[in-house]
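I have placed the structure first, in the form of structure tokens, so that the comments after it can refer back to it.
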């Protein structure tokens, strides 16, 4: 894939985007063909004119460029190119701790304590280095990271632990303008220290507290403080959190004691420094696993992300001993298996070639689909194929195992248990196993299920019929069950039950608007109030393609090309969003098709995107062209890389529609979406369900578009409908629109 020139760098794919900055995988091009893979962090265009944010970004550069340590991602370069401030950083080939936690949950694990402790130890090393830096006159810089969180810790595939993002770090500087304001509350509030929650002056012990929260989250599988911002901050300043052993009974009392000391409300009672915290953790790790090292951690990351590595062409070969120990560590809330002692990864008496072959992950899939017979061909655009149930059996081909990396190699024969991975539409429904609540909600994996008989899975949630399936045992394997819930019948005179959503923003920088959650309704003939603060989706922070324009010029937009959104659906156009220089210009977004020509003015950035919640099977691209009559600016909109869709905390949803024959979607009213757009009377809609192939061939863009207030659009056999409004700043919105879904008139 050719790179996009950016000064002396070539930008490739955008790998992350936050509320104010974005990160690209890039290549540094030096003389004589010498290149180096790097990461470029750029301020989003919307914030380029924000002096306080640019000052904070420059402050990050000043701090980070001066840091050189094995546990801190190195910053090589800083500057401004064509009005865009950037940092050039070390490229770390690996995964963030947040992704490691998420993938571990998907595989039915908590991060095993020795791995979690090793990560925390390495974090402490890097933080202690930053905390003790001095300037040229040997005066302490008093650097405090202030945003220690799983998102800012990367573990490489070689087992290296790197701290990133000193964007809100505080350090002593000659100029107050270069410092983060004292008293400002910044960072992810669920990782705040008590003094940070009180907006007090901070020192390195604040980062000690945050590191302890990350360690707690790794060993317990949940945060010590969770909930809405005000609730969380009150808990933090009171020290109100469950002891680790009450969440995970397998937590060693010695490790719990270390955690509780690091999480002391009074910082005088905490470890005096990250070094002291590191020494306590190191002493514990040496006691439980004296030979645990970086290579041990690399094995875990390789295991969790073996599919990603396979896509890169890298073969993952893991010792059978590692796999067996990992299986024993898998979260078993049903069986409450006793803890297994930690073995040393290097203490291996013998590993045979047969063991090595059996340790390689071999995937064999058998898919059995049970579908209703239809007289006419249909295409289901749901990830769960409408009302069908799909059974996926993934077989792992390893059988020989022993203690992790150590001890004699044992042959265990066929496993006596198996696992069931459960997903559903809608997600978040309660799961029962053999009639007993598991305290789990979909998507989830139940592990260590006895393989001596079939087991009954039941899913239930308000407003939906209970779904059940008897799952046959497959020893040592994982059975994936995907279910589509059907709406429960409505009693006469009783309105349909609405489902609330949880605004899960614990790991985000932006604070959710108070009192707002994404509106959801579960049946037809239901109206939703669309709060502007809840249905707005930030396009600058999304995966949308982007190019700069001259706001003084008038451009004509056209599009050409086609893309596939799955194995059947094609699109010949895309959505666009305009980042304007003036206020109140009206809706800044729309849909453009192959026959359209749209005039735009006062635009400094043009975005292009498709709407799709599952872009992994997309292919192809459209070219969005802006012409001022003299020059052409082409923006490639890739259907896979530039797919946008609101998560559960954004957008409005009608779910559980049951794929009725035809429904009408209507929008009413208008709402304020900040200075860039002003009053907006339209929204993007998207729906999935069983769509007639003939209708889809006639209109490939049948399942999405822009709906204006007062208009109605007919939806063919919808299962769910999603609406949202693209925006450049989701924090300055007010008012609400209304949407309804009703049976279409014949």
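Residue numbers (my numbering): 405 to 1150.
Every residue, glycine too, gets a C-beta built ideally from N, C-alpha and C.
DSSP, reduced to helix, strand and coil, places residue 833 outside both helices and strands of the structure shown, so it counts as coil. Taken in chain order, the whole beta strand (DSSP E) runs of length 3 or more contained in the region 938-1023 are 940-942, 949-952, 959-968, 978-984, 993-996, 1002-1004, 1007-1015. The region 491-536 is shown to contain whole alpha helix (DSSP H) runs of 4 or more residues at 501-510, 517-535, in chain order. Rounded to the nearest angstrom, the gap between the Cα atoms of residue 507 and residue 1001 is 44 Å.
The C-beta of residue 849 has 16 or more other C-beta atoms within 10 Å across all chains shown, which makes the residue buried. Burial is judged here by how many other beta carbons sit within 10 angstroms of a residue's own beta carbon; residue 569 has at least 16 and is buried. Take the alpha-carbon of residue 1080 and the one of residue 986: they are about 7 Å apart. At the C-beta level, residue 1041 and residue 978 come within 7 Å of one another. Per the DSSP secondary-structure output, residue 1026 pairs in a beta bridge with 965, 1041. Under the DSSP definition of a beta bridge, residue 1090 partners with 1108, 1126. About 18 Å separates the CB atoms of residue 1126 and residue 1020; that is not less than 8 Å, and the two are not in contact.
For residue 659, the enclosing alpha helix (DSSP H) covers residues 657-666. When C-alpha distances from residue 476 are compared across 460, 466, 493, the shortest belongs to 493. Counting along the chain, residue 872 sits inside no alpha helix (DSSP H); it lies in the beta strand (DSSP E) bounded by residues 871-875. Residue 1038 counts as exposed, since fewer than 16 other beta carbons sit within 10 angstroms of its beta carbon. Segment contact: the region 531-547 against the region 639-659, fewer than three CB-CB distances shorter than 8 Å; contact not assigned. In this chain, residue 695 is not harboured by any beta strand (DSSP E), its DSSP state being neither H nor E. Contact check for residue 846 against residue 827 passes: the beta carbons are separated by less than 7 Å.
Here residue 823 is buried, its C-beta having at least 16 other C-beta atoms within 10 Å. Counting the other CB atoms within 10 Å of its CB gives residue 1060 a total of 16 or more, which places it among the buried residues. Measuring C-alpha to C-alpha distances from residue 499 to each of 713, 448, 627 identifies 713 as the nearest. Each residue's CA atom was taken as its position, placing residue 651 and residue 700 some 25 Å apart. The way I'd put it, the region 551-570 does touch the region 517-526; three or more beta-carbon pairs between them come closer than 8 Å. With a contact defined as Cβ atoms closer than 8 Å, residue 448 and residue 944 qualify at about 5 Å. Of the residues 717, 1128, 1148, 1133, the one whose Cα lies closest to the Cα of residue 1090 is 1128. DSSP places residue 839 outside both helix and strand once states are collapsed to three, so it counts as coil. In the structure shown, residue 593 falls within a helical segment according to DSSP collapsed to helix, strand and coil. Annotation: the continuous beta strand (DSSP E) that includes residue 445 extends over 439-447. The Cβ atoms of residue 1067 and residue 1145 sit closer than 7 Å to each other. Per DSSP, residue 648 is one residue of the alpha helix (DSSP H) stretching across 648-651. About 16 Å separates the beta carbon of residue 885 from that of residue 869, a gap too long to meet the 8 Å contact definition. Around residue 1132, the same chain offers 450, 944, 983, 1080 as residues with beta carbons nearer than 6 Å, after the five sequence neighbours per side are excluded.
Within the DSSP bridge table, the entry for residue 860 names 874 as partners.
Excluding sequence positions up to five before and after residue 412, its CB lies within less than 8 Å of the CB of 432, 433, 434, all in the same chain and listed in chain order.
One Cα belongs to residue 687, the other to residue 565, and the distance between them is close to 19 Å.
Going by C-alpha positions, residue 501 is about 5 Å away from residue 554.
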